[in-house]
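Laid out in structure tokens, this is it:
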């Protein structure tokens with residue numbers, strides 16, 4: 413019994429952590445590409461590990477889905493926090509929305525390939541949606557405070573527009589089209605320069 417407690421408290425080995433990271437990156441690539449090849453076996457092959465290694469790290473399809481999705485959300489939240497480094501606030505918002513397209517592509521691919529195993533993820537989506545709205549809200553506040561974009565749009569409005577664009581473009585190459593549409597959308601948010609300034 414004491415040995416089991418000790419094992420449970422051990423830190424994962426470095427190679428185990430590397431394999432987990434390789435699987436998360438591979439899953440993101442495989443599922444964002446979508447199509448019939450988006451399978452757990454394809455994820456393991458792309459990561460260069462056996463399917464048994466995948467299941468040791470992610471014992472269920474839902475566990476893999478949640479790990480990949482949470483990793484993407486964490487990265488988007490961190491990207492929004494890094495925007496305060498002096499970059500142009502409108503370009504920071506644009507870059508963040510471009511990154512969101514990749515997250516949506518991965519999520520779409522996983523929902524298609526792994527359903528119905530992810531049907532119990534509603535609480536996960538509620539929490540991550542709140543975090544993403546807060547992240548884009550901080551970017552928008554910064555751009556509004558600088559007098560660069562209009563102030564009558566809410567974070568919910570912006571996320572709804574971005575997701576709507578992503579889910580209406582299903583043909584191959586849809587991500588490129590959505591990025592272009594988002595550029596037009598962000599340009600439409602810009603305020604004209606103040607002549608008095």
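Numbering (the working numbering), first residue to last: 413 to 609. Don't be surprised by glycine CBs; every beta carbon is placed ideally from N, CA and C. Computed from a prediction, not measured in an experiment: that's the story for all the values here.
>> Could you check whether residue 442 and residue 458 sit closer than 7 angstroms to each other, using their CB atoms as the reference points?
In response: Residue 458 sits at position 46 when you count from the first residue of the chain shown. Residue 442 sits at position 30 when you count from the first residue of the chain shown. Taking 7 angstroms as the Cβ cut-off, residue 458 and residue 442 qualify as a contacting pair.
> residue 567 and residue 552 look like a contact to me (Cβ under 8 angstroms); what is the Cβ gap, rounded to whole Å?
Replying inline: Working through the chain shown from its first residue, we reach residue 567 at position 155. Working through the chain shown from its first residue, we reach residue 552 at position 140. Between residue 567 and residue 552, the beta carbon gap of about 6 angstroms places them in contact (Cβ cut-off 8 angstroms).
> Across which residues does DSSP place residue 561 in a beta bridge pair?
Replying inline: For the purposes of this step, residue 561 is taken as residue 149 along the chain shown, with counting starting at 1. DSSP output for residue 561 lists 602 as bridge partner(s).
>> 7 angstroms is my cut-off, CB to CB: does residue 522 come that close to chain D?
In response: This model lacks chain D altogether, as it is built from one protein chain only.
> Rounded to a whole number of angstroms, what is the C-alpha to C-alpha distance between residue 417 and residue 487?
Replying inline: Indexing the chain shown from 1 puts residue 417 at position 5. Indexing the chain shown from 1 puts residue 487 at position 75. Low confidence applies to residue 417: its pLDDT is 41, below 50, so where it sits in the model is not reliable, and the reading given next is rough at best. One C-alpha to the other measures close to 33 angstroms.
> Taking the alpha carbon of residue 600 as the point to measure from, which residue in 437, 506 and 534 has its own alpha carbon closest?
Replying inline: One-based indexing of the chain shown puts residue 600 at position 188. Of the listed residues, the one whose Cα sits closest to residue 600 is 506.
>> Would you say the beta carbon of residue 443 is closer than 6 angstroms to some non-hydrogen atom of the ligand ADP?
In response: The ligand ADP is not part of the structure shown, which contains no ligands of any sort.
>> Output needed for residue 525: all residues of its chain with C-beta closer than 7 angstroms, excluding positions within five of it in sequence on either side, in chain order.
In response: By one-based count along the chain shown, residue 525 stands at place 113. Closer than 7 angstroms at the Cβ level, and outside the excluded window around residue 525, lie 443, 450 and 451.
> With a CB to CB cut of under 8 angstroms and the five nearest residues on each side skipped, what residues in its chain are close to residue 431?
Replying inline: By one-based count along the chain shown, residue 431 stands at place 19. Within the same chain, residue 431 has close Cβ partners 459, 461, 465 and 469.
>> Pairs of beta-carbons, one from the region 535-555 and one from the region 487-501, closer than 8 angstroms: are there three or more?
In response: By the C-beta criterion, the region 535-555 is judged to be in contact with the region 487-501, since at least 3 inter-stretch pairs fall below 8 angstroms.
> Measuring CA to CA, which of 582, 562, 481 and 593 is closest to residue 574?
Replying inline: For the purposes of this step, residue 574 is taken as the residue at position 162 of the chain shown. Checked all of 582, 562, 481 and 593; the closest Cα to residue 574 is 593.
>> Using a Cβ distance threshold of 8 angstroms, determine whether the region 472-479 contacts the region 537-546, with at least three qualifying pairs required.
In response: no
> With 16 as the cutoff for other CB atoms within 10 Å, does residue 534 come out buried or exposed?
Replying inline: Numbered from 1 along the chain shown, position 122 holds the residue referred to as residue 534. Burial call: exposed.
>> Considering Cα atoms alone, identify which of 446, 561, 509 and 438 is closest to residue 604.
In response: For the purposes of this step, residue 604 is identified with residue 192 of the chain shown, where counting begins at 1. Considering only alpha carbons, the answer is 561.
> Taking just the CA atoms, how far does residue 502 sit from residue 598?
Replying inline: The residue you call residue 598 lines up with position 186 of the chain shown. The residue you call residue 502 lines up with position 90 of the chain shown. Each residue's Cα considered, the two are about 8 angstroms apart.
>> So, at 7 angstroms on beta carbons, what are the nonlocal neighbours of residue 587 in its own chain, with the 5 sequence-adjacent residues on each side left out?
In response: Here residue 587 refers to the residue found at position 175 when the chain shown is read from its first residue. The answer, listed in chain order, is 513 and 517.
> Per DSSP, what kind of secondary structure is residue 446 in: helix, strand or coil?
Replying inline: Position 34 of the chain shown, counted from the first residue, corresponds to residue 446. The answer is coil: DSSP assigns residue 446 none of H, G, I, E or B.
>> I need the boundaries of the alpha helix (DSSP H) containing residue 514, first residue and last residue.
In response: Along the chain shown, read from residue 1 onward, the residue named residue 514 stands at position 102. Run containing residue 514: 501-526, per the alpha helix (DSSP H) assignment.
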